[in-house]
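Numbering (our numbering), first residue to last: 3 to 310. Even for Gly, the Cβ is constructed at its ideal location relative to N, Cα and C. Computed from a predicted structure; not experimentally measured.
Structure follows, in structure tokens:
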């Protein structure tokens with residue numbers, strides 16, 4: 003086995019699917035990545051920032067077992083960097099405990115001796131210095147990836163799976179679209195101020211959007227105006243002061259496209275804008291602009307959902 007580098011991204015994959023923030027984390031680690039989980043070789047072909055790839059295939063994604071399996075392989079790695087995806091946040095503390103390293107969570111930048119951490123809803127940035135091995139999680143959407151690279155041929159590492167006797171995998175359930183974290187959502191319906199008419203119950207409108215989104219196999223998001231009004235939770239806010247998303251499909255209902263909001267859109271494959279203003283920024287950036295009344299479109303979709 004080739005020696006692992008001083009800084010290494012560790013990314014957990016499921017059935018060959020990369021989590022949100024995978025390429026960013028690989029880029030922050032200088033292009034070196036170890037993929038672990040199920041379907042690692044398939045996932046390696048989807049990376050765009052990798053320069054060197056190692057894989058450790060596992061029959062199941064059980065964080066405790068993965069931590070015990072990976073720990074001996076990481077002895078010479080100084081900085082272990084994971085994306086702050088659900089699996090990354092689950093594995094990181096277990097890996098830190100198993101290897102006896104400190105954990106620095108929520109980094110926006112990471113080097114070989116320092117990590118810049120975001121705190122207090124991004125209002126405070128803290129720099130920590132370290133002179134020994136560490137585990138770090140990188141917040142999604144904090145850096146670009148750069149020009150895509152041709153994926154290298156992965157080097158497969160054969161590691162005996164470690165048994166964790168106090169954990170038994172009973173079942174793996176796919177997350178419900180209504181509750182899945184927006185950073186992990188493949189489809190998102192976003193609601194803006196233009197979705198709520200004067201005098202309407204904005205919270206009720208957003209509940210309708212959530213129901214329609216679930217019917218379409220999507221998650222519901224919102225702009226800052228909507229969350230500040232209390233019509234949706236702040237965990238649903240997309241933008242520079244919310245979360246950064248990178249879905250396959252983003253449908254914007256009544257969203258004008260202010261920079262604060264579009265700054266939270268990563269690289270969605272397809273964008274649809276539903277708005278009465280054909281010249282608004284969201285319609286300008288959309289692959290498909292539907293010039294229509296967003297509240298009426300939502301009502302029609304909801305009627306069809308109820309009749310289905």
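Beta carbon of residue i nearer than 8 angstroms to that of residue j
{"i": "residue 253", "j": "residue 274", "result": "yes"}
{"i": "residue 23", "j": "residue 142", "result": "yes"}
{"i": "residue 215", "j": "residue 179", "result": "yes"}
{"i": "residue 72", "j": "residue 38", "result": "yes"}
{"i": "residue 238", "j": "residue 219", "result": "no"}
{"i": "residue 246", "j": "residue 268", "result": "yes"}
{"i": "residue 83", "j": "residue 138", "result": "yes"}
{"i": "residue 26", "j": "residue 184", "result": "no"}
{"i": "residue 195", "j": "residue 160", "result": "no"}
{"i": "residue 286", "j": "residue 255", "result": "no"}
{"i": "residue 118", "j": "residue 131", "result": "no"}
{"i": "residue 266", "j": "residue 291", "result": "no"}
{"i": "residue 154", "j": "residue 55", "result": "yes"}
{"i": "residue 21", "j": "residue 89", "result": "yes"}
{"i": "residue 294", "j": "residue 276", "result": "yes"}
Boundaries of the alpha helix (DSSP H) in which residue i is found, first to last residue
{"i": "residue 93", "result": "88-101"}
{"i": "residue 21", "result": "Note, residue 21: premise wrong, no alpha helix (DSSP H); not H, not E."}
{"i": "residue 66", "result": "65-72"}
{"i": "residue 121", "result": "Careful: residue 121 lies outside any alpha helix (DSSP H), inside the beta strand (DSSP E) at 116-121."}
{"i": "residue 42", "result": "42-46"}
{"i": "residue 84", "result": "No alpha helix (DSSP H) contains residue 84, which is instead part of the beta strand (DSSP E) from 81-85."}
{"i": "residue 303", "result": "296-309"}
{"i": "residue 286", "result": "283-287"}
Any chain D beta carbon closer than 8 angstroms to residue i
{"i": "residue 33", "result": "Here there is only one protein chain, and chain D is not present."}
Alpha-carbon spacing of residue i relative to residue j, whole angstroms
{"i": "residue 116", "j": "residue 79", "result": "15 angstroms"}
{"i": "residue 17", "j": "residue 41", "result": "5 angstroms"}
{"i": "residue 175", "j": "residue 281", "result": "42 angstroms"}
{"i": "residue 149", "j": "residue 156", "result": "20 angstroms"}
{"i": "residue 57", "j": "residue 43", "result": "7 angstroms"}
{"i": "residue 59", "j": "residue 93", "result": "15 angstroms"}
{"i": "residue 146", "j": "residue 34", "result": "16 angstroms"}
{"i": "residue 311", "j": "residue 283", "result": "As displayed, the chain neither begins before 3 nor continues past 310, which places residue 311 out of reach and without an answer."}
{"i": "residue 307", "j": "residue 288", "result": "25 angstroms"}
{"i": "residue 69", "j": "residue 127", "result": "29 angstroms"}
{"i": "residue 19", "j": "residue 95", "result": "22 angstroms"}
{"i": "residue 310", "j": "residue 304", "result": "10 angstroms"}
{"i": "residue 67", "j": "residue 61", "result": "11 angstroms"}
{"i": "residue 299", "j": "residue 272", "result": "19 angstroms"}
{"i": "residue 201", "j": "residue 217", "result": "27 angstroms"}
Of the residues the options, the one placed nearest residue i, counting alpha carbons only
{"i": "residue 229", "options": "205, 213, 249", "result": "205"}
{"i": "residue 75", "options": "121, 28, 85, 10", "result": "10"}
{"i": "residue 270", "options": "248, 283, 255, 285", "result": "248"}
{"i": "residue 135", "options": "188, 106, 49", "result": "106"}
{"i": "residue 152", "options": "217, 46, 100, 297", "result": "46"}
{"i": "residue 197", "options": "232, 84, 257", "result": "257"}
{"i": "residue 65", "options": "55, 52, 53, 87", "result": "87"}
{"i": "residue 207", "options": "301, 182, 77", "result": "301"}
{"i": "residue 242", "options": "12, 264, 259, 182", "result": "264"}
{"i": "residue 250", "options": "103, 191, 61, 12", "result": "191"}
{"i": "residue 133", "options": "211, 113, 126", "result": "113"}
{"i": "residue 30", "options": "48, 19, 20, 53", "result": "53"}
{"i": "residue 193", "options": "182, 211, 293", "result": "211"}
{"i": "residue 108", "options": "102, 121, 101", "result": "121"}
{"i": "residue 182", "options": "62, 55, 202, 221", "result": "221"}
Segment limits, beta strand (DSSP E) that includes residue i
{"i": "residue 106", "result": "105-112"}
{"i": "residue 189", "result": "189-193"}
{"i": "residue 56", "result": "54-59"}
{"i": "residue 10", "result": "9-15"}
{"i": "residue 137", "result": "136-140"}
{"i": "residue 152", "result": "Neither: residue 152 is in no beta strand (DSSP E) and is coded neither H nor E."}
{"i": "residue 128", "result": "126-131"}
{"i": "residue 38", "result": "34-39"}
{"i": "residue 159", "result": "Per DSSP, residue 159 belongs to no beta strand (DSSP E) and is neither H nor E."}
{"i": "residue 291", "result": "290-293"}
Go through the stretch 237-277 residue by residue and report every complete run of the alpha helix (DSSP H) that reaches 4 residues or more, in order. Entirely contained in the stretch 237-277, the alpha helix (DSSP H) runs reaching 4 residues are, in chain order, 261-264.
Secondary structure, alpha helix (DSSP H): runs of 4+ residues fully inside the stretch 210-235: Within the stretch 210-235, the complete alpha helix (DSSP H) segments at least 4 residues long are 226-230, listed from N- to C-terminus.
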